[in-house]
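Structure first, then comments.
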């Protein structure tokens with residue numbers, strides 16, 4: 001792995017983000033490595049806890065802005081889905097943690113059936129650019 005290191009100790013897997021030059025920013029490559037590793041850990045069922053840590057004093061700078069700057073975000077996001085996500089975020093701001101988690105889980109499940117969500121998933125599997133509807137029909 002290029003951007004992760006892994007060590008195991010008594011049922012705990014420690015995953016260290018190893019991109020200190022960019023403050024462990026979440027590049028596409030790093031996220032793919034992390035996804036692959038976590039799937040492997042889940043399949044083996046030998047680990048009780050996974051701890052993700054940074055290799056420097058900065059845990060993680062967030063998404064790699066350099067990568068995002070060069071992407072055509074319209075390929076990935078429908079305005080409908082962005083609006084629904086923002087509405088969910090503001091709805092749960094004043095909720096207790098458990099209530100907010102339950103609310104988010106319910107909204108995410110409902111939104112997964114939104115026509116633009118279905119189109120995005122279908123386009124991904126068909127390796128084509130999604131065609132967004134962009135007129136909000138679903139209100140939560």
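In the working numbering, the protein residues as written are 1 to 140.
Yeah, the Cβ is synthetic: ideal placement off N, Cα and C, and Gly gets one too.
Nothing here was measured: the structure is a model prediction, and the numbers come from that model.
Worksheet entry | Cα-Cα separation, residue 66 to residue 54 | Translated into positions along the chain shown, residue 66 becomes position 66. Translated into positions along the chain shown, residue 54 becomes position 54. The alpha-carbon atoms of residue 66 and residue 54 are separated by roughly 20 Å.
Worksheet item: For residue 56, which option in 17, 62, 93 has the closest C-alpha, if you only look at C-alpha atoms?
Response: On the chain shown, residue 56 is found 56 positions in, with the first residue counted as 1. Here the closest residue by C-alpha is 17.
Worksheet entry | Per-residue DSSP class, three states only, for residue 93 | As a first step, residue 93 must be located in the chain shown, where it is residue number 93. Here residue 93 sits in coil by DSSP.
Fill in: Simplified DSSP state of residue 118, which is helix, strand or coil
Taking the first residue of the chain shown as position 1, residue 118 is located at position 118. Helix, per DSSP.
Discussion item. Please state the DSSP three-state secondary structure of residue 128.
Written reply: Translated into positions along the chain shown, residue 128 becomes position 128. Of the three classes helix, strand and coil, the one that applies to residue 128 here is coil, per DSSP.
Worksheet item: Rounded C-beta distance between residue 24 and residue 60? I'm assuming under 8 Å.
Response: Along the chain shown, read from residue 1 onward, the residue named residue 24 stands at position 24. Along the chain shown, read from residue 1 onward, the residue named residue 60 stands at position 60. Contact flag correct, Cβ pair sits at about 5 Å.
Worksheet item: If we ignore side chains and look at the alpha-carbon of each, how far apart do residue 32 and residue 95 end up?
Response: Translated into positions along the chain shown, residue 32 becomes position 32. Translated into positions along the chain shown, residue 95 becomes position 95. Using only the alpha carbons, I get a separation of about 32 Å.
Practice prompt. Have a look at residue 83 and residue 129 and give me their C-alpha separation to the nearest angstrom.
Written response: Position 83 of the chain shown, counted from the first residue, corresponds to residue 83. Position 129 of the chain shown, counted from the first residue, corresponds to residue 129. Approximately 20 Å between the Cα atoms of the pair.
Worksheet item: In chain order, what residues of the same chain have a beta carbon less than 8 Å from the beta carbon of residue 5, not counting five sequence neighbours either side?
Response: Working through the chain shown from its first residue, we reach residue 5 at position 5. So the list reads 15, 16, 18, 55, once near-sequence residues are dropped.
Item to complete: Name, in chain order, the residues that DSSP records as bridge partners for residue 141.
Response: Residue 141 is absent from the model: the chain starts at 1 and stops at 140.
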